[in-house]
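Data block below; observations after.
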Amino acid sequence: MTSYFEQIEKFVEVRKRIFLLKADIPLEVIWRNNLNKNAIEQKEIISLCSKYFSEPPLQVDQLSNGGTFHTIYTVKFSGRKDVVVRANSIEHSYVGPDFYLDKYIGSKLNSLGLPALNVFHIDISRSVYPFDYQIIEKANGTILNSINDQKEFEKSVVILGRFVAEYHKIKIGMFGPLNLLALIKSEEWKGLHDSWRDFLLLNLKQHVDLCVSANGLKPEEAIEINKKFEYPEYFNIGDGYLLHGDLGNHNIFVHNNQALIIDWEDCIAGDPVFDISCWGSFYKNDSERALELFLKGYKEKGKLPKDFFIRYWLYYLRIVLAKAVHRYKFRYSTLNEYKIKKALEKLNELGL
Numbered sequence: 046m047t048s049y050f051e052q053i054e055k056f057v058e059v060r061k062r063i064f065l066l067k068a069d070i071p072l073e074v075i076w077r078n079n080l081n082k083n084a085i086e087q088k089e090i091i092s093l094c095s096k097y098f099s100e101p102p103l104q105v106d107q108l109s110n111g112g113t114f115h116t117i118y119t120v121k122f123s124g125r126k127d128v129v130v131r132a133n134s135i136e137h138s139y140v141g142p143d144f145y146l147d148k149y150i151g152s153k154l155n156s157l158g159l160p161a162l163n164v165f166h167i168d169i170s171r172s173v174y175p176f177d178y179q180i181i182e183k184a185n186g187t188i189l190n191s192i193n194d195q196k197e198f199e200k201s202v203v204i205l206g207r208f209v210a211e212y213h214k215i216k217i218g219m220f221g222p223l224n225l226l227a228l229i230k231s232e233e234w235k236g237l238h239d240s241w242r243d244f245l246l247l248n249l250k251q252h253v254d255l256c257v258s259a260n261g262l263k264p265e266e267a268i269e270i271n272k273k274f275e276y277p278e279y280f281n282i283g284d285g286y287l288l289h290g291d292l293g294n295h296n297i298f299v300h301n302n303q304a305l306i307i308d309w310e311d312c313i314a315g316d317p318v319f320d321i322s323c324w325g326s327f328y329k330n331d332s333e334r335a336l337e338l339f340l341k342g343y344k345e346k347g348k349l350p351k352d353f354f355i356r357y358w359l360y361y362l363r364i365v366l367a368k369a370v371h372r373y374k375f376r377y378s379t380l381n382e383y384k385i386k387k388a389l390e391k392l393n394e395l396g397l
């Protein structure tokens, strides 16, 4: 049987080759994941919660819109706060060990007076149950994705900007996905890449080529994109900072004028502008007004570089290229190639 540290080491080696998990994961793993998600049964969730908390839950509900790689359950008890169980049964090389990132980052955020969910328990041994799982506190508040009132949404975006600026002050050695093995063994906070540029260009050619072959890009647009990433002055940053890496509204809650962010498994060390671009690349946030409000809150707690907008649109371009590959692999109806074209137009307007 593979040891605990061997599992983590293999996971780290795979992550070093990945820019965006949903884009770079092999197709055969996606197929197996779709089959295995259905194999995690509610009775097993009841069993593991009963064992850990020494009392049976009152109610267990599977979320219909669970994560890409996880089956997610909300669990209610009579005498304690509700919890969430996230489980998966695909290879440890891709997911499972990343459950520990929520634990370590939560502790780091709490130490700085920032809110984070309490992780009760993680088990990736599969010695009792045939899947990895995490038991974590259920978030309070309103998920940003569900806010339809425009005034409330805009107020929440300002609050979010403040919070993001706060955790962007956390300096991390090196760049890219966090080295989970170093974190677990010695609590050493560092990424897996020597430079930010190394991480940004990782699998870029493959992503661009796939978009061309899928008719999402013209060959001349591919050439233009590759040229945009030939400007090292925008990528040679001195220090990396903690970034969430998947800053979508589905991962953001607002409660009592405070933001809380969940699901840190895609976190990376890098340029804070990248995280802002990631947030802006999601549909509801992809407007000048939304970005203006986010930056209003952000600038109350943090600073932006002078070349912010060039960086913003370069990172936006890199992110939506990877997301187009994700959409292709997971058989979405379109690649959302209009976002790629939008980024190119913005960069041309900025003279890049």
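Under the numbering used here, the first residue of the sequence shown carries the number 46, and numbering increases by one thereafter.
Even glycine gets a Cβ: it sits at the ideal position worked out from N, Cα and C.
In this text the structure is predicted, and so the values were computed from the model without any measurement.
- With contacts defined as CB atoms closer than 8 Å, M219 and G285 qualify as a contacting pair.
- A contact is defined here as three or more CB-CB pairs under 8 Å, and the stretch 271-283 fails this definition with respect to the stretch 164-171.
- The way I'd put it, the stretch 339-350 does touch the stretch 202-211; three or more beta-carbon pairs between them come closer than 8 Å.
- In this structure, K235 lies near I217, with their beta-carbon atoms less than 8 Å apart.
- Apart from the 5 residues on each side of it in sequence, E269 sits with its Cβ closer than 7 Å to the Cβ of L389 in its chain, given in chain order.
- Sixteen is the threshold: since fewer than 16 other Cβ atoms of the shown chains lie within 10 Å of the Cβ of Q104, the residue is exposed.
- In terms of Cβ geometry, C312 and L292 do not form a close pair [threshold 8 Å].
- Inclusion of Y118 and Q107 in the CB contact set at 8 Å is warranted, their separation being smaller than that value.
- In this structure, the beta-carbon distance from L255 to Y139 does not fall below 8 Å.
- Collapsing the DSSP output to three states places N294 in a helix.
- H137 is bridged by DSSP to nothing; it lacks a bridge partner.
- In the DSSP assignment, A161 forms no beta bridge with any residue.
- Of the residues A161, D143, K214, N110, the one whose Cα lies closest to the Cα of Q303 is A161.
- Under the 10 Å beta carbon count, E382 is surrounded by 16 or more other beta carbons and is classified as buried.
- Taking every protein chain shown into account, the CB of L72 has fewer than 16 other CB atoms within 10 angstroms, so this residue is exposed.
- The bridge partners DSSP lists for R131 are I117, Q179.
- The DSSP-derived three-state label of K235 is strand.
- In the displayed model, A369 falls within a helix according to three-state DSSP.
- Between the alpha carbons of L366 and P101 lies a gap of roughly 46 Å.
- Here I167 is near Y145, since their CB atoms are less than 8 Å apart.
- Secondary structure at A314: strand, using DSSP grouped into helix, strand and coil.
- By a beta-carbon distance limit of 8 Å, D177 contacts N133. Their separation comes to about 5 Å.
- A direct Cα-to-Cα measurement between I85 and R77 gives close to 13 Å.
- When DSSP states are grouped into helix, strand and coil, V173 belongs to the coil group.
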